[in-house]
Amino acid sequence: MDFNRLVLKVASRCNLNCSYCFMYNLGDSTFRNQPKFMKESMIPTIIERVANYLKEYPQEVFTFTFHGGEPLLIDKSYFGKFISQAATLKEQFPDTTFDYNIQTNGVLIDEDWAAVLKKWRIFPGVSLDGTKKAHDMYRVDHKENGSYDDVIKGLKLLKRKLGFVSVISVMNIDETAETTYKHLTDISSDYVNFLLPDYTHDSFPYESKAMGNWLIELYDLWIADANRPVIPFLNGLTNAILGSSKSKRHEAHALVIETNGDIEAIDSLKGCGEGFTKTNMNIFTHDFKEIVKLPLGKLYFEDSTEKLCTKCLECPVVDICKGGRLVHRHKQENGFNNPSVYCEDMIMIISHIQNKMMELVPSMYDDSISKMDATEIIDYLNQLDMSDIEETYKKDLEFFSVQPV
Ligand code: SF4
Ligand code: SF4
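The opening residue of the sequence shown carries number 93 in our numbering; numbering runs sequentially from there.
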C-alpha cells in the first residue's frame, strides 16, 4: 500500500454546478447522503489514522488536500484547528514533510480567505478553464450563470496577497491551445495544472487525435516561452522521457475522507458508476490499510500499475504513458482492461516531445547521437548521467523539473 495524499472533503456541497462535475453530474448521486460539512470532532481521529498509517508506511512527504464540493463553504476557523492539531504528526514523524493545499473553484476568495491561506501556509489551486468563453461553457452556478468573473477577481487578489497564481485547468479543445495558453499566461499564472477531462470509454466524446493535436500546440507554445509557467502534465512527460521520473504510475495514489468519515477511492472513479468509490469503511472504525483487502483497494493500490491491458504492455511508450489514469481506461463491458481513451493522443504528444528533446540535445555533445534512430536516442538519453546534462545545458533544461504543489 502506498499513498501519500489524503483528500479531505470538508464540504459535500458546492456553490457551482459544473456540467462535467464528477461529484454531481457524472452518474453518482451519493453526495446527497453526506453531511454538508466535516465536523471538527473528526480531526483527532483523522490524525490518529494518519499516524497509524505512517508508522507502517513511512513517507517523505505527506499531503493533506482540502477539497469538496467547495471547501471555502466551511467556516474559516476549521483550517487553523485542523493544522494546529496535525502539528503532533510532525513531532511523531520528524522526517516527514507535511504539506497542505486546497482545491477551490475560487468564487468565494476574499481578503479574509487570503489571510487564512497565508497564515496556515495552505497552497491554493484555483479551477479556471481558460478564457471566459471556455470557462463559462461548463463552470456555471445553480442558475446557469458563468463563474469566470468572480474567479478572476479571486485570482488577482491571491496574486496580490500571496505573490503567485496557481490554476487547475481542465483541457477544453473547443478553444485553441493558443487561446487558452495565452489567456492563462496573460493572467500571470505561475503554475497551471492542466487535466485531461475525465471520460471513460462509454462517455468519450472526442474525435480521434483531437486532444493530441491540442496538446502538441500547447507544448510548442510552452517550450518557446521564456517565461513559461510550470505545467505538471508537460513537465512530468518530459521528465519521464528523459528518464528522470521515478513514478511508476500515471496518477498519484490518494485516499479520500468524506464529510461523514467514510474512506473512499479518488473522485474521478465516480464516473465509473453509482457508488463505485465506496468502501463501506469509515475512519471511526477502520485503519487505512484495511482498504487494500477490498476488491476496489486491490484494484487501486496493486492492479492499477501491474495489470495493464495487452496493448499497453506491448506499447513502446508504456514507461512514459503508464497506461493512463484509471477512469480513462474504464469500460462497462470489461472494467479497466483497456488502454486509455486518450491512447492515440498520448502517443502523439509523447513522440512530439521525444523529437523535441532530440533537437535540444546538440549533436556536438556526442557525435554518435547523429547516427541513432529515435528509440536509440531515447535509450541513450535514459542512460546518461542527468546531472552532467543539466550542468551542460542548464539553461534549456532548468524548467523540466516539476515543482511540488
Ligand atoms: S466547482 Fe468543483 S465540485 Fe463544484 S460543481 Fe464544479 S467541479 Fe463540481
Ligand atoms: S494507453 Fe496507449 S499510449 Fe498509453 S501505454 Fe497504453 S497503449 Fe501505450
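C-beta: ideal position from N, C-alpha, C; glycine also.
Remember, it's a predicted structure, so these values are computed and weren't measured experimentally.
Do you know how far the Cα of residue j is from the Cα of residue i?
i, j, result
"residue 252", "residue 382", "44 Å"
"residue 359", "residue 388", "13 Å"
"residue 211", "residue 300", "47 Å"
"residue 554", "residue 291", "Within the shown structure, residues of the chain are numbered from 93 to 497, placing residue 554 beyond reach of any answer."
"residue 384", "residue 364", "19 Å"
"residue 280", "residue 322", "12 Å"
"residue 106", "residue 406", "42 Å"
"residue 372", "residue 164", "27 Å"
"residue 492", "residue 250", "Note that residue 492 scores 36 on pLDDT, short of 50, meaning its location in the model is unreliable and no value can be drawn from it."
"residue 206", "residue 173", "17 Å"
"residue 497", "residue 213", "Since pLDDT at residue 497 reaches only 30, below the 50 mark, its modelled position is unreliable, and the value read off the structure follows with that caveat. Rounded to whole angstroms, residue 497 to residue 213 spans 12 Å at the Cα level."
"residue 418", "residue 429", "10 Å"
"residue 248", "residue 319", "19 Å"
"residue 186", "residue 151", "11 Å"
"residue 324", "residue 282", "11 Å"
"residue 255", "residue 278", "15 Å"
"residue 370", "residue 347", "11 Å"
"residue 307", "residue 257", "22 Å"
Is it the case that the Cβ atoms of residue i and residue j are separated by a distance below 8 Å?
i, j, result
"residue 362", "residue 130", "no"
"residue 232", "residue 259", "no"
"residue 421", "residue 431", "yes"
"residue 142", "residue 181", "yes"
"residue 195", "residue 135", "no"
"residue 416", "residue 434", "yes"
"residue 175", "residue 304", "no"
"residue 294", "residue 126", "no"
"residue 410", "residue 401", "no"
"residue 330", "residue 166", "no"
"residue 137", "residue 376", "yes"
"residue 101", "residue 159", "yes"
"residue 412", "residue 332", "yes"
"residue 265", "residue 302", "yes"
Since I believe residue j is in contact with residue i (beta carbons under 8 Å), could you give me their beta-carbon distance rounded to a whole number of angstroms?
i, j, result
"residue 218", "residue 112", "Residue 218 to residue 112, Cβ: 17 Å. No contact."
"residue 110", "residue 230", "5 Å"
"residue 276", "residue 222", "7 Å"
"residue 108", "residue 197", "5 Å"
"residue 379", "residue 144", "5 Å"
"residue 449", "residue 326", "Contact flag wrong, Cβ pair sits at about 12 Å."
Would the beta-carbon of residue i be found less than 7 Å away from any heavy atom of ligand 4?
i, result
"residue 432", "Among the ligands in the structure shown, ligand 4 does not appear; only ligand 1 and ligand 2 can be found there."
Exercise. Taking three-plus beta-carbon pairs below 8 Å as touching, is the stretch 311 to 330 in contact with the stretch 259 to 278?
Worked result: yes
Exercise. Given 8 Å as the limit, is there contact between the stretch 232 to 251 and the stretch 190 to 205, that is, 3 or more CB pairs closer than that?
Worked result: yes
Problem set entry | Completely contained alpha helix (DSSP H) runs for the stretch 105 to 181, where each covers 4 or more residues | 135 to 148
For this session: Please specify which runs of the beta strand (DSSP E), each continuous and at least 3 residues long, are wholly inside the stretch 267 to 342, giving them in chain order.
Result: 283 to 287
Exercise. Between the stretch 94 to 114 and the stretch 154 to 171, do three or more beta carbon pairs fall short of 8 Å?
Worked result: yes
For this session: Evaluate contact between the stretch 127 to 146 and the stretch 347 to 359, counting only Cβ atoms and requiring at least three cross-stretch pairs below 8 Å.
Result: yes
Exercise. In the stretch 169 to 254, which residue ranges form an unbroken beta strand (DSSP E) of at least 3 residues, counting only runs that do not cross its ends?
Worked result: 189 to 196, 215 to 219
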